[in-house]
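> Take the position in the first sequence, starting the count at 1, then add 31; the result is the number in this note's numbering.
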Amino acid sequence: MSRNYWLFKSEPDAFSLDDLRVMGHEHWDGVRNYQACNMLRDDIHEGDGVLFYHSRIKEPAVVGIAQVARSGYPDFTAWNPESKYFDPRASAEKPVWYMVDVAFVAQLPTPVTLNQIKGHPALTDMMVARKGSRLSVQPVRPEEWRAVLALGGIGVDPLG
DNA sequence: GCCAACGTTGGC
DNA sequence: GCCAACGTTGGC
32 MSRNYWLFKS
42 EPDAFSLDDL
52 RVMGHEHWDG
62 VRNYQACNML
72 RDDIHEGDGV
82 LFYHSRIKEP
92 AVVGIAQVAR
102 SGYPDFTAWN
112 PESKYFDPRA
122 SAEKPVWYMV
132 DVAFVAQLPT
142 PVTLNQIKGH
152 PALTDMMVAR
162 KGSRLSVQPV
172 RPEEWRAVLA
182 LGGIGVDPLG
């Protein structure tokens, strides 16, 4: 199967690229939006490429890349009453919400800012550039993936 | 911190 | 099943 590409948003105060670098890999849990969750469950597979995007900061930007280390599976934080992501509707039998695991790959030598994305002819159609786009997990076209890596200073795609 | 845009909830 | 009210996201 061919590799797909995605953009994952995170507020760095909650979970940053550096956090992922330190941990090596981590669950991408806590997504509580049906559209995003359906992608996590059905479409996002081990080996896929992920643009790691920092949101809700002064200069929102793609700051690094990660790789999906495990395809979609139930987000068990949903039925943990201790978790801030607890959802009383969810259970091990009826998970409701899904997550993937991601592994750190690289930091971009130069972050690619939202402003750059909006101003770059090859990237203006990216979902993240659209006003009011709140989807925290978004599909990325292969040519967009390549353009972001090039802008970010990565000459050779580490995922091949 | 503000507020527009969006998704969800719940009364009817 | 409509839609107003509400909560959340995220750029600014």
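Each residue gets a CB set at the ideal place from its N, CA and C atoms; glycine is no exception.
#1: Give the single residue among E57, I185, A160 whose Cα lies nearest to the Cα of A92.
#2: Over the uninterrupted alpha helix (DSSP H) stretch that includes N190, give me the two end residues.
#3: Checking 9 angstroms against the spacing of the C-beta atoms, do A121 and D132 come in under that value?
#4: To test your reading of the DSSP string, which unbroken beta strand (DSSP E) runs of 3 or more residues are found completely within the region 141-185?
#5: Would the beta-carbon of E90 fall within 9 angstroms of that of P43?
#6: Going by Cα to Cα distance, which pick from D49, R72, A134, D79 is closest to G191?
#7: Judging by CA-CA distance, which residue of N64, E77, E175 is the nearest neighbour of D118?
#8: Excluding the 5 residues flanking R101 on each side, which residues of the same chain have their C-beta closer than 8 angstroms to its C-beta?
#9: Considering Cα atoms alone, identify which of K40, Y129, S114, V62 is closest to R87.
#10: Note down the Cα distance separating V187 from E124, rounded to an integer number of angstroms.
#11: May I ask you to list the residues that DSSP assigns as paired with R101?
#12: Enumerated in chain order, which unbroken segments of the beta strand (DSSP E) with a length of 3 residues or greater are wholly contained in the region 43-107?
#13: Which residues share a DSSP beta bridge with Y36?
Taking the definition as stated:
#1: Considering only alpha carbons, the answer is A160.
#2: One point to set straight first is that residue 190 is Leu, not Asn, in the sequence displayed. Careful: L190 lies outside any alpha helix (DSSP H) and carries neither H nor E.
#3: No.
#4: Scanning the region 141-185 for uninterrupted beta strand (DSSP E) segments of 3 residues or longer gives 168-171, listed from N- to C-terminal end.
#5: Cβ distance not < 9 angstroms, so E90 and P43 don't count as in contact.
#6: Minimum Cα distance to G191 is reached at D79.
#7: Nearest C-alpha to D118: N64.
#8: For R101, where only same-chain residues beyond five positions count, the Cβ hits under 8 angstroms are E77, V131, D132.
#9: Measuring from the Cα of R87, the nearest candidate turns out to be K40.
#10: If you draw a straight line from the Cα of V187 to the Cα of E124, it is about 43 angstroms long.
#11: Partner(s): D132.
#12: Fully enclosed beta strand (DSSP E) runs of 3 or longer: 56-59, 80-85, 92-105.
#13: G80, V171.
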